[in-house]
Structure formats: structure tokens, C-alpha cells
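J.:
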Amino acid sequence: MSFSTQELIPVLPELVLLSAASVVLLIDLFTPGKERGATHLWSLVALAVTALTLVYSYSGPQQVLGNHYQSDGLALVLKLAMVIGLAAVFIYGRSYLLVRGLLSGEFYTLSLFALLGMMIIASGGSLLTLYLGLETLSLSLYALVGFDRRSVASSEAAIKYFILGALASGMLLYGISIIYGVTGSLITGIVQAEIGAVLATAAEYQLLLGLGLVFVVVGAAFKLGAAPFHMWLPDIYQGSPTAITNIIATVSKLAAIALVLRLFADTLQPLIAQWQQMVLLLVVVSLAVGNVIAIAQTNIKRMLGYSAISHMGFVLLGVLAGSKAGYSAALFYMLTYALTGLAAFGMVMILSRNG
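Right, dumping it as C-alpha cells:
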């Protein structure tokens, strides 16, 4: 496989963000202070530079780095939304974290690394790239959830999130390994073609493909927060500092829809008859559990957590259609949900006294 420096141009936004996150950590180290003014400013500058790099480095759909990375319209839209969303969280959350003594350079650095993982997912051209991006995001979020070490609820939420998240990641990876064993490739386009060939000619492998599909759907449903794999979500929403909850509830959901679309639309489309049945179950249970249980909640963050579960049911309705129009509808719904979620949790941070 030949390599050209031109292949680095589509990856430039991720490289810029990686460098910026490292610089922000150094700036925080050499400019101590309770208000972290320099760290906050440079974090916003890093996001602005990343956004500009995204716009100016995009030159149309292309696949680079051995087809493990793809740059297309979906990735561009989601990445810009992620950057803007995280910038809003930084602006909203600064006063909230400062009052509670939680404002530190680690918050900004971990958030930027979480954003890096989200952007990698959005441009994932292979199952391996998607998984690596997901783990980069997950590890950053595990640390952020347990950010308030003085809070028992925060530590408990972090432990729950880590254990259940590790279990879901393992199931997703196991499903990916089964699919790789059947198709012999990790590149999404090649996997899609090989699955079609297996379904047409190799009936003995269809059961194995179905098993891999089950594990992939379960792992993706957990990351999306769809019922019945939602057990972690209300506790994490309630136990985390609200600024961290805002990231999980809004910006990370954009990465979740990117993961779902890359898996179901780009990779597993030939298995649509099988995964539609599973997604239908997720839709029905998510809508029922999220809406009904949200009514009984007395904590606003926990209520928004159950509300998020029902919203994921509506998102999966678009995916369930299995068509371009359905995928577009799911994407639009998630973008709208992220925007309204930023506003909702922003108001919670502004109005709350005890978090």
C-alpha cells in the first residue's frame, strides 16, 4: 500500500485537534489559577481552528489511509456540529464548574480528546477505525463522569459507566471479529460486498453472520442509550456534573448516530431484513420505557435521561426505514435533539445551585 502526504489533508482536522489538546494541557500547566482563563480561551481557539480546518480541508468525498478513513458530507456535517456543540458546553459550563471548584485543565483536555474520538467515528471507513474512535471517546467520558472526586454519586456513576461500557465495547468488538472472520475484511465497503456474496452463495456462514450482527446491534444500542440497554443512562445523567452530562447527552449522541449510520447504512445493509427486526424491538421498548418512566421522575437530570431514551427510539425509527430518506431523517432528528439538549442542560446549569 503506497502512502502520499496528500492523504493527510483530509485527516488534518484530527491532527490539529490532537495537537491543540496537547498544547492546552501544557498551557494549563504553566498558567495556574482558579479561573483557568488562558486554558478556557485556548480551548475555544482550538475548537475554532479545528472548525476552520474542517471547512477548508474538505474537497469532496474521498477515502484515504488504505480506506480506513473516509471524508464525506456526513462526516463534515457531524464534525462541525460536534465542534460547535462542545464550544457551547465550554461557554455554558465554565461558571458552573468554577463555582463548584471543578474547573481544571483536565476538563478541557479530556473533552477535546473525547471530541477527537467522535470525529474519528464520524470518518470511520473501517470497523477497526470505528472501534478505535469509540474507545477514545469512551475512555475520555469515563474519566469525565468521575471528575468530581468529592461526590459519591459522581464516583458511583463513573464505576457503573466504566463496567457497563466495557461490557458493551467487548460485545461490539466480538461482533466485529465474527464479521471479520466471515468476510475477511474490516473496510466497510468491502465488508458490505462480502456479506452480499455470502448471503448469495454460502448458506453455512449465514448463522455466523447473524450471531455477529446480534453482538454489533447490542453494542451500538448501548452506546446510543436505547432500551433495554439503557440501564447506565439515567444514573450517569444524574450523578455526573451537569457540564459533563451536557457533553454525554448532546455532543456524544452525534458520535452515536455516526456509529449507527456507518454500521447499518455503510456496512450491514445486506443484512437489513435481520437487523430491522432487532431495531424495531429497540424502537418499541425505548419509546415505552423512556416516556412512561420519565413521568415518575423528581430529578430533572434523571427525567431528561429517560426522555433521551425515548428520543433514541424516534431516531431509530428513521434507521428502521433502511432507506436514504430514513437515514437522513434520523440524522436531522439527532442534530435537532443535540441543539435542544444543549439549551436544556444549559438552562439547568444556569439555574441550578447544587448541580
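Be aware that the sequence shown starts at 16, since it is given in the numbering used here, and climbs by one per residue. Every residue gets a Cβ at the ideal spot worked out from N, C-alpha and C, and that includes glycine.
Compare the beta carbon distance of Leu-188 and Gly-234 with 9 Å and say whether it is the shorter of the two.
T.: Within the sequence shown, residue 188 is the residue found at index 173, counting from 1. Within the sequence shown, residue 234 is the residue found at index 219, counting from 1. Their beta carbons are under 9 Å apart, which means Leu-188 touches Gly-234 by this criterion.
J.: Looking at the strands, I want to know which residues DSSP matches up with Tyr-84.
T.: Residue mapping note: residue 84 aligns to position 69 of the sequence shown, counting from 1. The partner list for Tyr-84 (beta bridge, DSSP) reads Val-79 and Gly-139.
J.: Excluding the 5 residues preceding and the 5 following Gly-240 in the sequence, name in chain order all residues of the same chain whose CB lies nearer than 7 Å to its CB.
T.: Start at 1 with the first residue of the sequence shown, and residue 240 comes out as number 225. These residues qualify, in order along the chain: Leu-248, Ala-323, Ile-324 and Met-327.
J.: With 16 other CB atoms within 10 Å as the buried threshold, where does Thr-355 fall?
T.: Position 340 of the sequence shown holds residue 355. Classification for Thr-355: exposed.
J.: Is it buried or exposed, Met-362, if we count other Cβ atoms within 10 angstroms and call 16 or more buried?
T.: Along the sequence shown, one-based indexing puts residue 362 at 347. Burial call: exposed.
J.: Identify the continuous alpha helix (DSSP H) that holds Trp-290 and give its terminal residues.
T.: The residue given as residue 290 occupies position 275 in the sequence shown. Per DSSP, Trp-290 belongs to the alpha helix (DSSP H) from 287-310.
J.: CA-CA distance, Gln-284 and Ile-365?
T.: Residue numbering aside, residue 284 sits at position 269 when the sequence shown is read from its first letter. Residue numbering aside, residue 365 sits at position 350 when the sequence shown is read from its first letter. C-alpha separation (whole angstroms): 44 Å.
J.: Express the C-alpha separation of Ala-309 and Leu-159 in angstroms, rounding to a whole number.
T.: For the purposes of this step, residue 159 is taken as the residue at position 144 of the sequence shown. For the purposes of this step, residue 309 is taken as the residue at position 294 of the sequence shown. Roughly 25 Å separates the two Cα atoms.
J.: For Gly-341, decide whether its Cβ has a neighbour in chain C, counting only Cβ atoms nearer than 9 Å.
T.: Here chain C cannot be found, since the structure has a single protein chain.
J.: Per DSSP, which residues does Ile-202 bridge with? Please list them.
T.: Residue mapping note: residue 202 aligns to position 187 of the sequence shown, counting from 1. Ile-202 is bridged to Ser-141.
J.: Since Tyr-176 contacts Tyr-157 with CB under 8 Å, what's their CB separation in whole angstroms?
T.: If you number the sequence shown from 1, residue 176 lands on position 161. If you number the sequence shown from 1, residue 157 lands on position 142. Confirmed, Cβ separation roughly 6 Å.
J.: Which residue marks the beginning of the alpha helix (DSSP H) containing Met-327, and which one marks its end?
T.: Working through the sequence shown from its first residue, we reach residue 327 at position 312. Run containing Met-327: 315-336, per the alpha helix (DSSP H) assignment.
J.: Identify the continuous alpha helix (DSSP H) that holds Ile-251 and give its terminal residues.
T.: Along the sequence shown, one-based indexing puts residue 251 at 236. Where Ile-251 is concerned, the enclosing alpha helix (DSSP H) stretches over 248-254.
J.: From Pro-256 to Gln-291, what distance separates their C-alpha atoms?
T.: On the sequence shown, position 241 is the one that residue 256 refers to. On the sequence shown, position 276 is the one that residue 291 refers to. If you take the alpha carbons of Pro-256 and Gln-291, they lie about 36 Å apart.
J.: With distances taken Cα to Cα, identify the nearest neighbour of Gly-305 among Ile-24, Leu-226 and His-245.
T.: Working through the sequence shown from its first residue, we reach residue 305 at position 290. Cα-wise, what sits closest to Gly-305 is His-245.
J.: Buried or exposed for Gly-339, going by 16 or more other Cβ atoms inside 10 Å?
T.: Reading the sequence shown from its first residue, position 324 is the one you call residue 339. According to the sequence displayed, residue 339 carries Lys and not Gly. With fewer than 16 Cβ atoms within 10 Å of its Cβ, Lys-339 is classed as exposed.
J.: Please report how far the alpha carbon of Gly-370 lies from the alpha carbon of Thr-265, in whole angstroms.
T.: The sequence position of residue 370 within the sequence shown is 355, counting from 1. The sequence position of residue 265 within the sequence shown is 250, counting from 1. Residue placement at Gly-370 is poorly supported in this model, since its pLDDT is 45, which falls under 50; the coordinates still yield a value, given next. Computed Cα separation, rounded: 18 Å.
J.: Please classify Phe-122 as buried or exposed, where buried requires at least 16 other C-beta atoms within 10 Å of its C-beta.
T.: Within the sequence shown, the letter at position 107 stands for residue 122. Buried, because 16 or more other Cβ atoms sit within 10 Å of the Cβ of Phe-122.
J.: Got a sec, what are the start and stop residues for the alpha helix (DSSP H) Tyr-13 sits in?
T.: In this structure the chain extends from 16 to 370, so residue 13 is not present and cannot be described.
J.: Can you tell me the Cβ-Cβ gap for Ser-86 and Tyr-73, rounded? I've got them flagged as a contact below 8 Å.
T.: Reading the sequence shown from its first residue, position 71 is the one you call residue 86. Reading the sequence shown from its first residue, position 58 is the one you call residue 73. So it is a contact: roughly 6 Å between Cβ atoms.
J.: Does the beta-carbon of Gln-21 have 16 or more other beta-carbons within 10 angstroms, so that it is buried, or is it exposed?
T.: Reading the sequence shown from its first residue, position 6 is the one you call residue 21. Under this definition Gln-21 is an exposed residue.
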